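Visitor: Here you go, one structure.
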Amino acid sequence: MKALWLENNQISLRDIEQPRKPNEALIKIRKAGICSTDLELVKGYYPYMGVLGHEFVGEVISAPEPSWIGQRVVGEINAVCGACEACLNGRPTHCETRTVLGIANRDGVLAEYTTLPLENLYRVPDSVSDEMAVFTEPLAAALEIQQQVQIKPTDHVLLVGAGRLGQLIAQTLALTGCDLRVLVRHSYQQDFLNARGIRSIIESEIQPRKWDVVVEATGSPDGFNLSRKAVRPRGTLVMKSTYKGDMNVNLSSIVVDEITVVGSRCGPFEPALRLLERREVDPTVLISAQYKLGDILKAFDHAARAGVLKVQIEM
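According to the numbering used here, the sequence shown is numbered sequentially starting from 17.
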């Protein structure tokens, strides 16, 4: 099968063997997305060699349980053991021996086929298109914030970062009824927010030490510093970014101001699919371009351009 292979920070379209894993479903990929993590892996953010990609919708070709065959599915990216301390105590995304789709010790979905355990799979409602379904994983990551932090309608919430993930976070936070502002640096970001009735803000308008909850989603140390200055004493700072290398942080100020810092990663798929089914969010407006798998190198070049949000790959 054809697949996008990453090795030594170089990507290439290769012919590799179709994956086969005992007790896992074989999935024919219908459509996949290129995300910021994929772009950062190419830059060397994390040592990984293999097939890239973790956002997908596909069709089950074979499975340990025949009822799954022919089903259109999306899948959680962490494949876990179910037996370690983290798994047994309800923290499976922190499994001590987990593999992560297209990120750590498991080939990803920018290929014709992939495999995943059945417990990772979710059936896609008929009314949810392939274009929408590809967004399930990042939409779930956006929803994880509300799993971790109670966002009240009276809260003043600042989202720093209006890129690929930030736009989805904005749409999900808006559903809580909170007083939400999203920092924008480009007019196209503001246009997407305006279309959803979500209010934006520029940096000079951000009052320091006034925001109940601040969500940082820029992937930039400057974004973190701005977020830290914005959150009020005894407020909550939610970190959706990962950073390459070390970053200088004044921990004393976090202690003195009694800031709650929450790391936030993967999230719940079922609520994400419900939001898509009910059309309470619309991620498809973020699609900048679609390419065939044979043109995936061009697709990566496109995805890396400034101002491009989501590029999808059709198999």
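Each residue gets a CB set at the ideal place from its N, CA and C atoms; glycine is no exception. The model shown is predicted, which means the values in this text are computed figures rather than measured ones.
(1) Using DSSP with H/G/I as helix, E/B as strand and the rest coil, what is M148?
(2) With distances taken from CA atoms, which of L29, A322 and S52 is nearest L181?
(3) For N404, name the three-state secondary structure that DSSP assigns.
(4) For S337 versus V254, is the C-beta distance shorter than 8 Å?
(5) With contact counted as at least three CB pairs below 8 Å, one residue from each stretch, are the stretch 121-133 and the stretch 62-73 in contact?
(6) Taking the Cβ atom as the reference point for each residue, do R212 and A178 lie within a distance shorter than 8 Å?
(7) Taking C-beta to C-beta, are K308 and E286 nearer than 8 Å?
(8) Looking only at its chain, what residues have a beta carbon closer than 7 Å to the beta carbon of M65, apart from the 5 residues adjacent to it on each side?
(9) What did DSSP end up calling Q166 once you bin it into helix, strand or coil?
(10) Can you grab the Cα-Cα spacing for the pair T152 / L20, in whole Å?
(11) Would you mind working out which of Q183, Y138, T131 and D54 sits nearest V301, comparing C-alpha positions?
(12) Taking the alpha-carbon positions, what's the R248 to N264 distance?
(13) Alpha carbon to alpha carbon, how far is N241 from V200? Give it in angstroms, no decimals.
(14) Does the Cβ-Cβ distance between R122 and T115 come in under 8 Å?
(15) Closest to L155 by CA distance: which of H110, G91 and T113 is it?
Guide: Reading it off the structure:
(1) Taking the sequence shown and counting its residues from 1, one reaches residue 148 at position 132. Helix at M148.
(2) Translated into positions along the sequence shown, residue 181 becomes position 165. Looking at the Cα atoms, S52 is the closest of the given residues.
(3) No answer is possible for residue 404: the residues shown for the chain start at 17 and end at 331.
(4) Nothing in the structure corresponds to residue 337, since the chain is present only between 17 and 331.
(5) yes
(6) Within the sequence shown, numbered from 1, the residue matching residue 212 stands at position 196. Within the sequence shown, numbered from 1, the residue matching residue 178 stands at position 162. Not closer than 8 Å, so no.
(7) By 1-based counting over the sequence shown, the position of residue 308 is 292. By 1-based counting over the sequence shown, the position of residue 286 is 270. No, Cβ-Cβ distance for K308 and E286 is not below 8 Å.
(8) As a position in the sequence shown, residue 65 is number 49, starting the count at 1. Answer for M65: L22 and E23, listed in chain order.
(9) If you number the sequence shown from 1, residue 166 lands on position 150. It is coil, neither helix nor strand.
(10) Position 136 of the sequence shown, counted from the first residue, corresponds to residue 152. Position 4 of the sequence shown, counted from the first residue, corresponds to residue 20. Looking at the two C-alpha atoms, the distance is approximately 21 Å.
(11) Along the sequence shown, read from residue 1 onward, the residue named residue 301 stands at position 285. Among Q183, Y138, T131 and D54, the Cα nearest to that of V301 belongs to Q183.
(12) For this step, residue 248 is matched to residue 232 along the sequence shown. For this step, residue 264 is matched to residue 248 along the sequence shown. In a straight line, the C-alpha of R248 is about 20 Å away from that of N264.
(13) Position 184 of the sequence shown, counted from the first residue, corresponds to residue 200. Position 225 of the sequence shown, counted from the first residue, corresponds to residue 241. One C-alpha to the other measures close to 16 Å.
(14) Looking up residue 122 in the sequence shown gives position 106. Looking up residue 115 in the sequence shown gives position 99. Result yes, Cβ atoms of R122 and T115 sit closer than 8 Å.
(15) Stepping through the sequence shown from its first residue, residue 155 is reached at position 139. Answer by Cα proximity: G91.
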